[in-house]
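J.: Residue numbers (mature numbering (1 follows the signal peptide of the UniProt record, and there is no 0)): -24 to -1, 1 to 138.
Idealized CB from N, CA, C, for every residue including glycine.
Sharing a structure here in C-alpha cells format.
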C-alpha cells in the first residue's frame, strides 16, 4: 500500500469492485448526454474494470457501480452481497473550484473515507480519496467518461472495454 495506505486500499477495492448494495442496476448506454453538472454521467475507472454512474441524489451527487470486469461469479462485497448496483460514492456536495466532496466506500473492509471529485478537462474525472480531513493524505485516480457499449447482465462490462 502507498501513502497513508487507505486510498491504495480504496483504489484496489475500486479495481476489485466489492461494495455495499444500493439501488438496482442502471442501464448503461453509449453516449449518455452530459448535464449541467460535468461530474454527472457514466465514468470508467482508471484500470477500466469498473463503470460508475454519477448522478444527483437529492441536492448531492452519488455514484453507483453499474459495470465490472470479472470472470466467473458476480463479485461480492465484504458482507457477501453482490456488488452489482452498489452505491460507492455518497454525499458529494459542491465545494470550491468546481469540486465536490463526499465519501467513498472501501468495499473490502466496509470503511468509508473522505473523497473529492472534479472534472479536470472534458471527459476526464479526478477522484481523490483521503483521511483525517486532509486531502494531502491521499491519492488521485483518473477516470474517463464512458461512451462504450451497454453493460451486460449482472453488471458485466463488455470484453473490449477492459
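Under the three-state reduction of DSSP, which class applies to residue 60: helix, strand or coil?
T.: Locating residue 60 in the chain shown gives position 84, counting from the first residue. Residue state, collapsed to three classes: coil.
J.: When the Cβ atoms of the stretch 32 to 39 are set against those of the stretch 67 to 83, are three or more pairs found closer than 8 Å?
T.: Yes, since at least three Cβ pairs between the stretch 32 to 39 and the stretch 67 to 83 fall closer than 8 Å, the two stretches touch.
J.: For residue 105 versus residue 114, is the C-beta spacing smaller than 8 Å?
T.: What you label residue 105 is simply residue 129 of the chain shown in a count that begins at 1. What you label residue 114 is simply residue 138 of the chain shown in a count that begins at 1. Taking 8 Å as the Cβ cut-off, residue 105 and residue 114 qualify as a contacting pair.
J.: For the beta strand (DSSP E) that contains residue 79, what are its first and last residues?
T.: The residue given as residue 79 occupies position 103 in the chain shown. That run of the beta strand (DSSP E) goes 75 to 82.
J.: Apart from the five residues on each side of it in sequence, which residues of its chain come closer than 8 Å, Cβ to Cβ, to residue 74?
T.: Position 98 of the chain shown holds residue 74. The answer, listed in chain order, is 14, 94, 95.
J.: Report the rounded CA-to-CA distance for residue 9 versus residue 18, giving the unit in angstroms.
T.: Residue 9 sits at position 33 when you count from the first residue of the chain shown. Residue 18 sits at position 42 when you count from the first residue of the chain shown. Confidence in residue 9 is poor, its pLDDT being 46 and thus under 50, which makes the residue's placement unreliable; the coordinate value appears in the next sentence. Distance between the alpha carbons of residue 9 and residue 18 is about 9 Å.
J.: Examine the Cβ distances between the stretch 20 to 27 and the stretch 77 to 94 and report whether three or more of them are shorter than 8 Å.
T.: Touching, no, given that fewer than three Cβ pairs across the two stretches are closer than 8 Å.
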